[in-house]
Amino acid sequence: MKRILIIALLSLLTTSSVSIADTVEEQILDIKTREIAKTLRCAVCQTESVWESNAELARQMRQVIRERLAQGQSAEEIRDYFLSRYGDYILLEPRKSGMNWLLWVGPFVLLGIGGVLLYRTLGRWVAQTALIKPEETLPIDALHRQRIEQELRSLEK
Amino acid sequence: MIRAWHIALLLGVVGLLTLFYKGLWGDPRAIPTVLVGTPAPTFSGPEVNTGEIISLNHFSGKVVVMNFWASWCFECQQEHENLLAINRRFGSDPNFVMLGINYQDREEDARNYLKVYGNNFNHVRDLKGTISIDFGVYGVPETFVLDQQGIIRYKQVGPIIGPVYTHLTEKLIQPLLQGPPPQAL
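Residue numbers (the working numbering), protein chains in the order written: chain A, 1 to 157; chain B, 1001 to 1185.
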């Protein structure tokens, strides 16, 4: 009787540990699927990732990712697969290679050029302003002086 | 005085404006194809009406025209008569195969569609979307032309109507069928 009880307990423990292991494995697959799907663009919605989209194509893509992960493929291999089918467009973040460098570096280069231009232009303005000495300014002619005095008098009233 | 950097800046601005102008006239939803010139992925699936398993391998050595369609797709209806016409014209050639791939559709709807609009070639159901993803399909209709070596020679996004139909039949299918026979493996 005792023996039967031990066997029953052991088999129960084995079954539950197998199902726990299965659940953990499923959860790991889900996490990995999400990580990859978040880096891929939904081809039919454009502003969403494959993970966020409810489109049928995105759902099917998530399924493909999951199946390939289950087959033992790495995230990089799966991304390469989608890249080979849809091209660079499918990646939400462009690859850092070839002409794509223009996308990555371009804004900073333009910002730098803009900054240099702004610095030089402002510098020139400042230099020109500083060069004008009070004695170099044109004297006020009699007509304007008279007008100013008139205005000041009217303000004092 | 015009300095070198003034010219460089001007060229840069003109370049950016040119790119912007070109971008205005393109289809923002069009995804440039990367599959033309590469071997077609193999696939198999059940035929819409008969359920018989059809594999691309069955057609090695033939020119294959593959059309992705769905019963809910309006543009597919627009091109359907032309697809039937293509198969009427080339279907008797033993080196030609026309194949429909039913995309994101219900079996019953697909069958009804073929009943209503007519049918003269086989259609494979893409049950899990894997055929479509393998071919980089992101909408319907899309059409692929495979040469006798199984290389994707052409991809059309959108319906086969008007000049597209003429181009497909006269400039692609006809020359491919008259082209050199497939190389022995």
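The beta-carbon is built from N, C-alpha and C at its ideal position, and this holds for glycine as well.
Item                                                                                                                                                                              : Value
When you compare the CB of L1185 of chain B with every CB in chain A, is at least one pair closer than 7 Å?                                                                       : Since pLDDT at L1185 of chain B reaches only 37, below the 50 mark, its modelled position is unreliable, and the value read off the structure follows with that caveat. Chain A, which has no Cβ nearer than 7 Å to the Cβ of L1185 of chain B, makes this no.
Under 7 Å between the Cβ atoms of I1101 of chain B and M1066 of chain B?                                                                                                          : yes
Please confirm whether Q60 of chain A has its beta-carbon closer than 7 Å to some beta-carbon of chain B.                                                                         : yes
V85 of chain A CB to nearest chain B CB: under 7 Å?                                                                                                                               : Note that residue 85 of chain A corresponds to Arg in the displayed sequence, not to Val. By this cut-off, R85 of chain A is an interface position.
On the DSSP bridge list, what partners appear for W1069 of chain B?                                                                                                               : B:N1102
By alpha-carbon positions, which one of A:R68, A:R124 and A:L57 ends up nearest to V1140 of chain B?                                                                              : A:L57
Taking Cβ-Cβ distances below 7 Å as the criterion, which residues of the stretch 50-81 of chain A are in contact with chain B?                                                    : E56, L57, Q60, M61, Q63 and V64
So, with DSSP's three-state summary, where would you put T129 of chain A?                                                                                                         : helix
Taking only runs of the alpha helix (DSSP H) that begin and end inside the stretch 1078-1125 of chain B, which ones reach a length of at least 4 residues, in chain order?        : 1107-1117
Ignore the nearest five residues each way along the sequence and tell me which others in A1184 of chain B's own chain have a CB closer than 6 Å to its CB.                        : Summary for A1184 of chain B: the model assigns pLDDT 40, below 50, so the residue's position carries little reliability; its value from the coordinates is reported in the next sentence. Excluding residues within five positions, none has a Cβ falling inside 6 Å.
To the nearest angstrom, report how far apart T129 of chain A and L122 of chain A are at their CA atoms.                                                                          : 11 Å
Who are the Cβ neighbours of K1062 of chain B in its own chain at under 7 Å, not counting the five residues just before and after it?                                             : N1095, F1096, V1097 and Q1148
Using the three-state DSSP reduction, which class does Q1183 of chain B fall into: helix, strand or coil?                                                                         : Annotation note: pLDDT 49 at Q1183 of chain B (below 50); position unreliable, coordinate value reported separately. Three-state result, Q1183 of chain B: coil.
Using a Cβ cut-off of 7 Å (strictly closer), state whether L1019 of chain B contacts chain A.                                                                                     : no
Against chain A, does G1129 of chain B count as a neighbour if the rule is that its beta carbon must be under 7 Å from one of theirs?                                             : yes
Identify every residue that forms a DSSP beta bridge with R95 of chain A.                                                                                                         : Partner(s): none; R95 of chain A has no beta bridge.
Cβ of Q1156 of chain B less than 7 Å from any chain D Cβ?                                                                                                                         : Judged by its chain identifiers, the structure shown contains no chain D, and its protein chains are A and B.
Quick check: the stretch 1076-1085 of chain B against the stretch 1154-1165 of chain B, are at least 3 beta-carbon pairs closer than 8 Å?                                         : yes
DSSP puts I1151 of chain B in a beta bridge; with which residues?                                                                                                                 : B:P1039
By Cβ distance below 6 Å, which residues in the same chain neighbour G1136 of chain B in space, the five residues on each side in sequence not counted?                           : L1035
To be precise: take each residue of the stretch 1085-1118 of chain B, compare its Cβ to all Cβ atoms of chain A, and keep it if any distance is under 7 Å. Which residues remain? : Q1104
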